[in-house]
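Those protein sequences? They're chains A and B, same order as listed. According to the working numbering, the stretch in the first sequence is residues 104 to 214, in order. According to the working numbering, the stretch in the second sequence is residues 104 to 214, in order.
2 protein chains.
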Amino acid sequence: MAADLAFDALADPVRREILAVLAEHEECSAGELSSHIRRVGRTAVSSHLRVLRTAGLVTERRTGRFRYYSVQSDGPAQDVIRLLQELFQGSLDEARAAVGATRPAAAPTGG
Amino acid sequence: MAADLAFDALADPVRREILAVLAEHEECSAGELSSHIRRVGRTAVSSHLRVLRTAGLVTERRTGRFRYYSVQSDGPAQDVIRLLQELFQGSLDEARAAVGATRPAAAPTGG
DNA sequence: CCATCGTGTCGACAGATGCTGACCCGTCGA
DNA sequence: TCGACGGGTCAGCATCTGTCGACACGATGG
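Shown next, in the form of structure tokens:
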């Protein structure tokens with residue numbers, strides 16, 4: 104299950120920090136990211152970025168010699184959230200129906 | 104943040120399996136749990152149970168020489184779900200209002 | 001009281017993971 | 001073409017974590 108990779112990727116605090124930075128700035132280059140994440144070096148950030156990409160939690164956009172990363176909301180991330188809701192809010196059908204939008208990709212909303 | 108422990112606890116597939124069993128059976132003794140989780144021994148299950156308890160994802164109820172475990176939906180589990188929604192569905196105000204009881208970013212109880 | 005059962009905990013070991021410095025590749029500017 | 005810069009990858013090292021076997025402890029039953 105793709106969610107496996109995602110859960111694993113989300114377990115690391117540095118990776119969650121990267122995700123948080125990305126969530127705020129919409130899009131960041133690898134260098135910008137490592138500037139924000141001062142607790143570890145550029146190499147480490149690069150490694151984490153790879154893990155996040157493999158897990159399908161972020162997407163990469165290459166432009167010239169820069170690589171811009173951004174959060175990928177649809178896909179594994181949604182699987183994780185849904186799985187968690189099933190586990191901890193097992194009878195939240197109503198809530199899920201209410202939020203409706205929790206549907207994965209295939210939506211007209213550009214990503 | 105309490106969610107840190109929870110994220111860490113959720114990263115292990117065996118622990119997620121334990122949670123899944125608990126979600127289905129409502130409540131299980133340690134022995135029952137290790138019967139369902141055949142992939143690892145009783146000792147390992149016990150260790151995982153400790154991690155899950157420390158993370159606040161399950162609760163223990165002692166009766167005689169048995170210990171019954173069950174999912175603890177409120178607490179860290181909700182923090183995790185909320186954090187994930189902020190990260191990946193940043194503008195889910197409507198959804199949060201629908202499921203109710205959730206506060207917007209601004210970090211609630213300092214923790 | 002003693003045997004047995006249900007469980008948690010300890011010590012040891014193997015495999016996984018994160019961090020860093022060094023190195024290689026591709027792009028941009030002179 | 002050459003140098004500078006952005007950025008990924010590799011090898012090495014320290015540490016963490018999962019798993020198991022053995023053992024300790026409280027509870028139940030004869």
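C-beta: ideal position from N, C-alpha, C; glycine also.
Under 9 Å from the C-beta of A:SER176: neighbouring residues of chain B
Locating residue 176 of chain A in the first sequence gives position 73, counting from the first residue. Neighbourhood of A:SER176 in chain B, by CB distance below 9 Å: LEU190, PHE191, GLN192 and GLY193, in chain order.
From this set, B:LEU190, B:GLY193, B:VAL154 and B:THR146, which residue's C-alpha is nearest B:LEU122's C-alpha?
Mapped onto the second sequence, residue 122 of chain B falls at position 19. Answer by Cα proximity: B:VAL154.
So, is B:ASP182 buried or exposed, given that buried needs 16 or more other C-beta atoms within 10 angstroms?
As a first step, residue 182 of chain B is located in the second sequence; it is residue number 79 there, counting from the start. It counts as buried.
Chain-order list of residues whose beta-carbon lies under 6 Å from that of B:ASP115 (same chain, five-residue window excluded):
As a first step, residue 115 of chain B is located in the second sequence; it is residue number 12 there, counting from the start. Residues of the same chain with a CB within less than 6 Å of the CB of B:ASP115, apart from the 5 flanking positions on each side, do not exist.
Taking buried to mean at least 16 other C-beta atoms within 10 Å of its own C-beta, is A:GLY178 buried or exposed?
As a first step, residue 178 of chain A must be located in the first sequence, where it is residue number 75. Looking at its Cβ environment, which holds 16 or more other Cβ atoms inside 10 Å, A:GLY178 is buried.
Which of helix, strand or coil DSSP assigns to A:THR212
For the purposes of this step, residue 212 of chain A is taken as the residue at position 109 of the first sequence. For A:THR212, the predicted model reports a pLDDT of 35, less than 50, meaning its position is unreliable; a value from the coordinates is still stated below. Three-state DSSP puts A:THR212 in coil, outside helix and strand.
Please tell me whether B:LEU122 has its Cβ less than 8 Å away from any Cβ of chain A.
The sequence position of residue 122 of chain B within the second sequence is 19, counting from 1. B:LEU122 counts as touching chain A.
Along the chain, where does the beta strand (DSSP E) that runs through A:SER173 open and close?
Looking up residue 173 of chain A in the first sequence gives position 70. Element bounds for A:SER173: 169 to 174.
Mind checking which residues open and close the beta strand (DSSP E) that includes A:ARG165?
Along the first sequence, one-based indexing puts residue 165 of chain A at 62. For A:ARG165, the enclosing beta strand (DSSP E) begins and ends at 161 to 166.
Contact check, A:VAL161 vs A:SER173 under 8 Å by CB: the rounded distance?
Within the first sequence, residue 161 of chain A is the residue found at index 58, counting from 1. Within the first sequence, residue 173 of chain A is the residue found at index 70, counting from 1. Their Cβ separation, rounded to whole angstroms, is 6 Å, which keeps A:VAL161 and A:SER173 in contact under 8 Å.
Min CB distance B:ASP182 to chain A below 8 Å
Numbered from its first residue, the second sequence carries residue 182 of chain B at position 79. Output row for B:ASP182: interface = no.
Could you pull out every residue in the same chain whose Cβ sits closer than 8 Å to the Cβ of B:ASP107, ignoring the five residues on either side in sequence?
Taking the second sequence and counting its residues from 1, one reaches residue 107 of chain B at position 4. Cβ neighbours of B:ASP107 beyond the five flanking positions: none.
First and last residue of the uninterrupted alpha helix (DSSP H) at A:GLY134
As a working note, residue 134 of chain A is residue 31 in the first sequence. Per DSSP, A:GLY134 belongs to the alpha helix (DSSP H) from 133 to 139.
Just mark A:ALA105 as buried or exposed, buried being the case when its beta carbon has 16 or more other beta carbons within 10 Å.
Start at 1 with the first residue of the first sequence, and residue 105 of chain A comes out as number 2. Around the CB of A:ALA105, fewer than 16 other CB atoms lie within 10 Å, so the residue is classed as exposed.
Report the neighbours of B:PHE110 on chain A: residues whose CB is nearer than 9 Å to its CB, in chain order.
Within the second sequence, numbered from 1, the residue matching residue 110 of chain B stands at position 7. For B:PHE110, the residues of chain A that pass the 9 Å Cβ criterion are PHE110, LEU113, ALA114, ASP115, PRO116 and ARG119, in the order they occur in the chain.
Would you kindly check if the distance between the Cβ of B:LEU113 and the Cβ of B:ALA133 is under 8 Å?
Along the second sequence, one-based indexing puts residue 133 of chain B at 30. Along the second sequence, one-based indexing puts residue 113 of chain B at 10. No.
Could you work out which residue in A:SER138, A:VAL143, A:ARG145 and A:ALA109 is closest to B:ARG119 when comparing CA atoms only?
Residue mapping note: residue 119 of chain B aligns to position 16 of the second sequence, counting from 1. Of A:SER138, A:VAL143, A:ARG145 and A:ALA109, the residue nearest in Cα terms is A:ALA109.
Got a sec? Which residues, its chain only, sit under 8 Å from B:CYS131 by beta carbon, not counting five neighbours each side?
Taking the second sequence and counting its residues from 1, one reaches residue 131 of chain B at position 28. Taken in chain order, the residues that qualify are VAL124, LEU125, HIS139, TYR171, TYR172 and SER173.
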